[in-house]
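Engineer: Chains as they are written, first to last, in my numbering: chain A, 21 to 159; chain B, 21 to 159; chain C, 2 to 78; chain D, 2 to 78.
#1: Only counting runs of 3 or more residues, tell me where the beta strand (DSSP E) segments fall wholly within the segment 87–155 of chain B, in order along the chain.
#2: If you run the structure through DSSP and keep just helix, strand and coil, what is residue 68 of chain D?
#3: Tell me which residues of the segment 134–148 of chain B have at least one Cβ-Cβ distance to chain C shorter than 8 Å, keeping chain order.
#4: Where does residue 25 of chain A fall in DSSP's three states?
#5: Evaluate residue 64 of chain A with the Cβ neighbour count: other Cβ atoms within 10 Å of its Cβ, from every protein chain shown; 16 or more gives buried, anything less gives exposed.
#6: For a quick check, are the C-beta atoms of residue 127 of chain B and residue 52 of chain B less than 7 Å apart?
#7: Give the secondary structure of residue 39 of chain B by DSSP, where H, G and I count as helix, E and B as strand, and everything else as coil.
#8: Check the C-beta distance from residue 143 of chain B over to residue 79 of chain B and give it rounded, since I have them as a contact under 8 Å.
#9: For residue 42 of chain D, does the three-state DSSP call read helix, strand or coil?
#10: Is it the case that the Cβ atoms of residue 105 of chain B and residue 83 of chain B are separated by a distance below 7 Å?
#11: What does a CB cutoff of less than 7 Å around residue 63 of chain C pick up in its chain, not counting 5 residues either side in sequence?
#12: So if DSSP puts residue 51 of chain D in a beta bridge, which residue, or which two residues, is it bridged to?
#13: Assign residue 61 of chain D to one of three DSSP states: helix, strand, or coil.
#14: From residue 41 of chain B to residue 32 of chain A, what distance separates their C-alpha atoms?
#15: Within the 7 Å Cβ cut-off, does residue 78 of chain C reach chain B?
#16: Terminal residues of the continuous beta strand (DSSP E) containing residue 72 of chain A?
#17: For residue 128 of chain B, return the contacting residues in chain A, with the cut-off set at a CB-CB distance below 9 Å.
#18: Strictly under 7 Å for the Cβ-Cβ distance: is residue 73 of chain A near chain D by that measure?
#19: Taking the Cβ atom as the reference point for each residue, do residue 94 of chain A and residue 148 of chain A lie within a distance shorter than 7 Å?
#20: Flag residue 74 of chain D as yes if its beta-carbon sits less than 7 Å from any beta-carbon of chain A, otherwise no.
#21: Tell whether a beta-carbon distance below 7 Å holds between residue 107 of chain B and residue 60 of chain B.
#22: Near residue 49 of chain C, which residues of its chain fall below 6 Å by C-beta distance, leaving aside the five closest residues on each side in sequence?
#23: If we cut at 7 Å on Cβ distances, does residue 22 of chain B have a partner in chain C?
#24: CB-CB under 8 Å to residue 22 of chain D, same chain, minus the five flanking residues each way: which ones, in chain order?
#25: Exposed or buried, residue 103 of chain B, counting other C-beta atoms within 10 Å across all chains shown (16 or more means buried)?
#26: Does chain A have any CB closer than 7 Å to the CB of residue 54 of chain D?
#27: Quick check on this structure: which residue in A:156, A:28, A:21, A:22 has the alpha carbon closest to the alpha carbon of residue 75 of chain D?
#28: At the level of alpha carbons, what is the spacing between residue 27 of chain B and residue 74 of chain B?
#29: Measure how close the beta-carbons of residue 114 of chain A and residue 58 of chain A come, nearest whole angstrom, since I'm counting them as under 8 Å.
#30: Nearest-angstrom Cα distance between residue 154 of chain B and residue 90 of chain B?
#31: Can you tell me where the beta strand (DSSP E) with residue 3 of chain C in it begins and where it stops?
#32: Let me confirm a value: residue 77 of chain C is counted as buried when at least 16 other C-beta atoms fall within 10 Å, else exposed. Which label applies?
#33: Assuming contact is defined by CB atoms lying nearer than 7 Å, are residue 70 of chain B and residue 146 of chain B in contact in what I supplied?
#34: What's the gap between the Cα of residue 151 of chain B and the Cα of residue 23 of chain A?
#35: By Cβ distance, which residues of its chain are closer than 7 Å to residue 133 of chain A, with the 5 residues on each side in sequence left out?
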């Protein structure tokens, strides 16, 4: 189980490769991996950059809780969540979520649960820098 | 849209990285990617290796049809399916399925549809080499 | 007419052949082809069929030059 | 007692502060803290609260030394 909130740009596929290489416990045990990657779209010229704020301490705590809940609720082997904070450019990865399991149902359901609860409950806020000013993204 | 049936060992995360780098149409357009990776588990010493047979021509045709159906049914931008055939060792990747979309619902649903229809309809057959002989996997 | 008949996976091993060419003057269906190739043995209900690489039912008509395949339930992914 | 009050995102910008220390001799709840900090302005229904980094409701009691946060709906992922 890994949770990372980072202000550094990251490539989700390299992160997944590294994670799998390092987690010996997954080797041979895992039959199914479901992943979700969220990316900042390029809305032409309207949105120039985005800023992601979070609540240090609370965000980590909730991502941890979501991961523990997933590990209790589904027959999964491991989870990974990486989320960007700070300034971010169009095309860059915002979030990576992954669940390793023996079978595909648990992998899909746990992965979906993680991204859905992250989006509805984890304290992150997006602020867009538009051509004509700054605007907080509203739900 | 890419479909690949290959007898070569592949790393799913490297394939995803390469695919995304090459498909310029996805850059900035994609907000959500859902992927599924199926791996051969290591069942201790019971299963030594696996052999994957397919129906050349028919398998490709059906994977193509599933991908086209997904692209029609959901608001997705692109799909990728890679499936191993031939001799395969425990821990190796059997299948990779991915769907790129603007939003996460379509990405998840299309990805799930692709792996579910692949598993139920695509003509592939698994044969296991066990300690005490050879056995075709049965549904 | 001439039909190319194929078998896959465990069925291929049971039949002992992957490919058989059959000739016939009758009108044919998948079921009739199975009967002709397997000496009138009943067609097991779990066996799947394809005509020209499209899934087909037992009663599907088969034309001269068609490729007909029989195989067990699929187990990919 | 002494409470550490935090604001995030658009709310932080509206309030103009990210962190306020308040002192009180009364028993406190999230709602009372909001009223005290925001000069009795009503607490907007969409605003979320946390006590010691756990989501809380308006009526949640607050103890000496607690950290209370107010923030708009979350938009991560």
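We put the beta carbon where it would ideally sit given N, CA and C, even for glycine. Owing to the predicted nature of the structure, the values given are computational and were not obtained by experimental measurement.
Structural biologist: In this structure, then:
#1: Counting only runs of at least 3 residues, the segment 87–155 of chain B fully encloses the following beta strand (DSSP E) elements, listed from N- to C-terminal order: 96–104, 106–108, 113–121, 144–150.
#2: By 1-based counting over the fourth chain, the position of residue 68 of chain D is 67. Of the three classes helix, strand and coil, the one that applies to residue 68 of chain D here is strand, per DSSP.
#3: Residues 135, 138, 139, 140, 141, 142, 143, 144, 145, 146, 147.
#4: Stepping through the first chain from its first residue, residue 25 of chain A is reached at position 5. In the structure shown, residue 25 of chain A adopts extended strand secondary structure according to DSSP, grouped into three states.
#5: Your numbering for residue 64 of chain A matches position 44 in the first chain. Exposed.
#6: On the second chain, position 107 is the one that residue 127 of chain B refers to. On the second chain, position 32 is the one that residue 52 of chain B refers to. Going by C-beta atoms, residue 127 of chain B is nearer than 7 Å to residue 52 of chain B.
#7: To locate residue 39 of chain B, count along the second chain from 1; it is residue 19. Looking at residue 39 of chain B - three-state DSSP - the assignment turns out to be helix.
#8: For the purposes of this step, residue 143 of chain B is identified with residue 123 of the second chain, where counting begins at 1. For the purposes of this step, residue 79 of chain B is identified with residue 59 of the second chain, where counting begins at 1. Indeed they touch by this definition, with Cβ atoms about 5 Å apart.
#9: Here residue 42 of chain D corresponds to residue number 41 of the fourth chain, with the count starting at 1. In the three-state reduction of the DSSP assignment, residue 42 of chain D falls in the coil class.
#10: On the second chain, residue 105 of chain B is found 85 positions in, with the first residue counted as 1. On the second chain, residue 83 of chain B is found 63 positions in, with the first residue counted as 1. Cβ atoms of residue 105 of chain B and residue 83 of chain B: not closer than 7 Å.
#11: Here residue 63 of chain C refers to the residue found at position 62 when the third chain is read from its first residue. Excluding sequence positions up to five before and after residue 63 of chain C, its CB lies within less than 7 Å of the CB of 4, 29, 30, 31, 34, 52, 69, all in the same chain and listed in chain order.
#12: The sequence position of residue 51 of chain D within the fourth chain is 50, counting from 1. According to DSSP, which records beta bridges pairwise, residue 51 of chain D is partnered with D:56, D:70.
#13: As a working note, residue 61 of chain D is residue 60 in the fourth chain. It is coil, neither helix nor strand.
#14: Numbered from its first residue, the second chain carries residue 41 of chain B at position 21. Numbered from its first residue, the first chain carries residue 32 of chain A at position 12. When rounded, the separation of the alpha-carbon atoms in residue 41 of chain B and residue 32 of chain A is 13 Å.
#15: Here residue 78 of chain C is taken as the residue at index 77 of the third chain, counted from 1. Chain B, which has a Cβ nearer than 7 Å to the Cβ of residue 78 of chain C, makes this yes.
#16: Residue numbering aside, residue 72 of chain A sits at position 52 when the first chain is read from its first letter. Where residue 72 of chain A is concerned, the enclosing beta strand (DSSP E) stretches over 67–74.
#17: Residue 128 of chain B sits at position 108 when you count from the first residue of the second chain. Residues of chain A with a Cβ closer than 9 Å to the Cβ of residue 128 of chain B are, in chain order, 54, 56, 128, 131, 132, 135.
#18: Residue mapping note: residue 73 of chain A aligns to position 53 of the first chain, counting from 1. Contact of residue 73 of chain A with chain D is assigned, a C-beta pair being separated by under 7 Å.
#19: As a working mapping, residue 94 of chain A is identified with position 74 in the first chain. As a working mapping, residue 148 of chain A is identified with position 128 in the first chain. No.
#20: Numbered from 1 along the fourth chain, position 73 holds the residue referred to as residue 74 of chain D. Cβ-Cβ to chain A under 7 Å: yes for residue 74 of chain D.
#21: Against the second chain, residue 107 of chain B aligns to sequence position 87. Against the second chain, residue 60 of chain B aligns to sequence position 40. Not in contact: residue 107 of chain B and residue 60 of chain B (Cβ atoms no closer than 7 Å).
#22: Along the third chain, read from residue 1 onward, the residue named residue 49 of chain C stands at position 48. 72, listed in sequence order.
#23: One-based indexing of the second chain puts residue 22 of chain B at position 2. Judged by the 7 Å Cβ criterion, residue 22 of chain B is not in contact with chain C.
#24: Position 21 of the fourth chain, counted from the first residue, corresponds to residue 22 of chain D. Short of 8 Å from the beta carbon of residue 22 of chain D, and not among the five residues preceding or following it, lie these beta carbons of its own chain, in chain order: 3, 4, 5, 6.
#25: Here residue 103 of chain B refers to the residue found at position 83 of the second chain. Buried is the call here.
#26: As a first step, residue 54 of chain D must be located in the fourth chain, where it is residue number 53. Closer than 7 Å: yes.
#27: Stepping through the fourth chain from its first residue, residue 75 of chain D is reached at position 74. For residue 75 of chain D, the nearest C-alpha among the options comes from A:156.
#28: By 1-based counting over the second chain, the position of residue 27 of chain B is 7. By 1-based counting over the second chain, the position of residue 74 of chain B is 54. As the crow flies, the alpha-carbon of residue 27 of chain B is around 11 Å from that of residue 74 of chain B.
#29: Taking the first residue of the first chain as position 1, residue 114 of chain A is located at position 94. Taking the first residue of the first chain as position 1, residue 58 of chain A is located at position 38. 5 Å between Cβ atoms; contact.
#30: The residue you call residue 154 of chain B lines up with position 134 of the second chain. The residue you call residue 90 of chain B lines up with position 70 of the second chain. Their Cα atoms are separated by approximately 36 Å.
#31: Indexing the third chain from 1 puts residue 3 of chain C at position 2. For residue 3 of chain C, the enclosing beta strand (DSSP E) covers residues 3–8.
#32: By one-based count along the third chain, residue 77 of chain C stands at place 76. With 16 or more other Cβ atoms within 10 Å, it is buried.
#33: Residue 70 of chain B sits at position 50 when you count from the first residue of the second chain. Residue 146 of chain B sits at position 126 when you count from the first residue of the second chain. Yes, they are a contact pair.
#34: For this step, residue 151 of chain B is matched to residue 131 along the second chain. For this step, residue 23 of chain A is matched to residue 3 along the first chain. If you draw a straight line from the Cα of residue 151 of chain B to the Cα of residue 23 of chain A, it is about 40 Å long.
#35: As a first step, residue 133 of chain A is located in the first chain; it is residue number 113 there, counting from the start. Taken in chain order, the residues that qualify are 90.
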